[in-house]
């Protein structure tokens, strides 16, 4: 398919940043539930992650875009009861929080999961072989309401590391993937499972089922809106669609005029965008990003857009790490200009900077001051009194000077 539009790399970056909601932060008192909910609707998905080195990842993308906000606003949208509940948990892009409006677009994925498709092989095998356990666990949830896996476990031996789940936990996760239970809330970080009809609004549950093709087209359109511009792989990855599904649906969307083929400078593959796209003249954003931020989670796209190679090193042995354990990229003036290894040391009331790595050509004085301000503001948001710089690189010395200016 020939491309009717072409964009420079700088234009594509601006389109991506604007589409992702980097349009300027609000003073803390001005960040209300409506801004939080509107941003999540724009993004379509917040990836959930349990690592709490700074703060759990699903809280960070909102902070990066809105500035200081109350995490209670996200918790109310995600896990409260009644009208304030705007989100549901499901496998969107990995484990995710998604707007309720996308629930009907996930029903086909739930149906496939119930048939053993699109889920881990171990879970699919459990679904085939352990239906008696699954029915028993579902009956308990029906009778008792929101429950955690720990309260159901009948295992007597001690659990092993990582994914050594009990049979009841396997059953709940299979039921969750199949859409027969959903997450009603969380106790700490433990999921509490309940029936969808006790969590999801009737108006959502009672919508007429969408065909697989219609739902997949809807997800791809949402991905294109959230990304601004992207290749087939970029759009597919946003909601983790299969290549066979996304390629067919993209062709249909182009034929229907709902997406337009375009070309981005130095990209080998054709790209897609909404018809009549708007290209901002400038995106003045400075923000530290979660490792699981939707702006950067598709690593090949991040390299194409920002010339920034990023890999998570949490599971890399310490002596083999290049940049650090929990490294947040720093976006400034439409580039990713640095990466910072951070830790929230809550017991000591400080945000610890373990490493600062500048990207070529480096941060100028204004960029380093912007980084210092971001660190100071993040510490304030986290309720930490101090930013402590624990590294000795040249960048750290410059950051110390900038931190003094930021305090003033």
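In full-length UniProt numbering, the protein residues as written are 1 to 408.
Using N, Cα and C, we set each Cβ at its ideal position, and we do this for glycine too.
Per-residue DSSP class, three states only, for residue i
| i | result |
| --- | --- |
| residue 402 | helix |
| residue 410 | Here the chain covers residues 1 to 408 and nothing more, so residue 410 does not appear. |
| residue 335 | strand |
| residue 194 | strand |
| residue 229 | coil |
| residue 163 | Bear in mind that a pLDDT of 44 at residue 163, under 50, signals an unreliable position, so the number given afterwards is only what the model happens to contain. Residue 163: coil per DSSP, three-state reduction. |
| residue 218 | helix |
| residue 316 | coil |
| residue 74 | helix |
| residue 46 | strand |
| residue 16 | helix |
| residue 389 | strand |
| residue 155 | In this predicted model, residue 155 has a pLDDT of only 48, less than 50, meaning its place in the structure is not dependable enough to derive any value. |
| residue 251 | helix |
| residue 311 | coil |
| residue 371 | helix |
| residue 303 | helix |
| residue 323 | coil |
| residue 174 | helix |
| residue 381 | helix |
| residue 53 | coil |
| residue 407 | helix |
| residue 364 | coil |
| residue 242 | coil |
| residue 210 | coil |
| residue 32 | coil |
| residue 200 | coil |
Status (buried if at least 16 other CB within 10 Å, exposed otherwise) for residue i
| i | result |
| --- | --- |
| residue 366 | exposed |
| residue 163 | Residue placement at residue 163 cannot be trusted, given a pLDDT of 44 that sits under 50; the coordinates are not used to answer. |
| residue 183 | buried |
| residue 307 | exposed |
| residue 69 | buried |
| residue 260 | buried |
| residue 315 | exposed |
| residue 45 | buried |
| residue 232 | buried |
| residue 266 | exposed |
| residue 242 | exposed |
| residue 205 | exposed |
| residue 319 | exposed |
| residue 404 | exposed |
| residue 47 | buried |
| residue 72 | exposed |
| residue 234 | buried |
| residue 361 | exposed |
| residue 239 | buried |
| residue 122 | exposed |
| residue 99 | buried |
| residue 161 | Interpretation of residue 161 is limited by its pLDDT of 43, a score under 50 that renders its predicted location unreliable; the figure taken from the coordinates is listed afterwards. Exposed is the call here. |
| residue 222 | buried |
| residue 230 | buried |
Minimum C-alpha distance to residue i - residue among the options
| i | options | result |
| --- | --- | --- |
| residue 290 | 59, 33, 168, 9 | 59 |
| residue 36 | 305, 67, 233, 178 | 67 |
| residue 127 | 280, 363, 176 | 176 |
| residue 425 | 222, 149, 103, 38 | No answer is possible for residue 425: it lies beyond the span of the chain, which begins at 1 and ends at 408. |
| residue 84 | 228, 302, 201, 255 | 201 |
| residue 17 | 354, 133, 334 | 334 |
| residue 396 | 287, 29, 341, 6 | 341 |
| residue 391 | 378, 119, 356 | 356 |
| residue 150 | 134, 142, 139, 167 | 167 |
| residue 181 | 54, 207, 139 | 139 |
| residue 93 | 386, 220, 284, 324 | 220 |
| residue 338 | 325, 310, 262, 189 | 310 |
| residue 197 | 370, 179, 214, 249 | 179 |
| residue 304 | 401, 332, 10, 4 | 10 |
| residue 195 | 137, 298, 336 | 137 |
| residue 292 | 284, 51, 372, 247 | 51 |
| residue 42 | 62, 250, 28 | 62 |
beta-carbon residue i near the ligand ATP non-hydrogen atom, thresh 7 Å
| i | result |
| --- | --- |
| residue 111 | As far as ligands go, the structure on display features none, and thus does not contain the ligand ATP. |
Residues sharing a beta bridge with residue i, DSSP
| i | result |
| --- | --- |
| residue 329 | 339 |
| residue 183 | 193 |
| residue 357 | 339 |
| residue 260 | 273 |
| residue 350 | 345, 386 |
| residue 7 | 264 |
| residue 147 | 193 |
C-beta neighbour in chain C for residue i, strict 8 Å
| i | result |
| --- | --- |
| residue 227 | This model lacks chain C altogether, as it is built from one protein chain only. |
Problem set entry | Those runs of the beta strand (DSSP E) which lie wholly inside the segment 78-145 and span at least 3 residues | Counting only runs of 3 or more, we get 87-91, 95-99.
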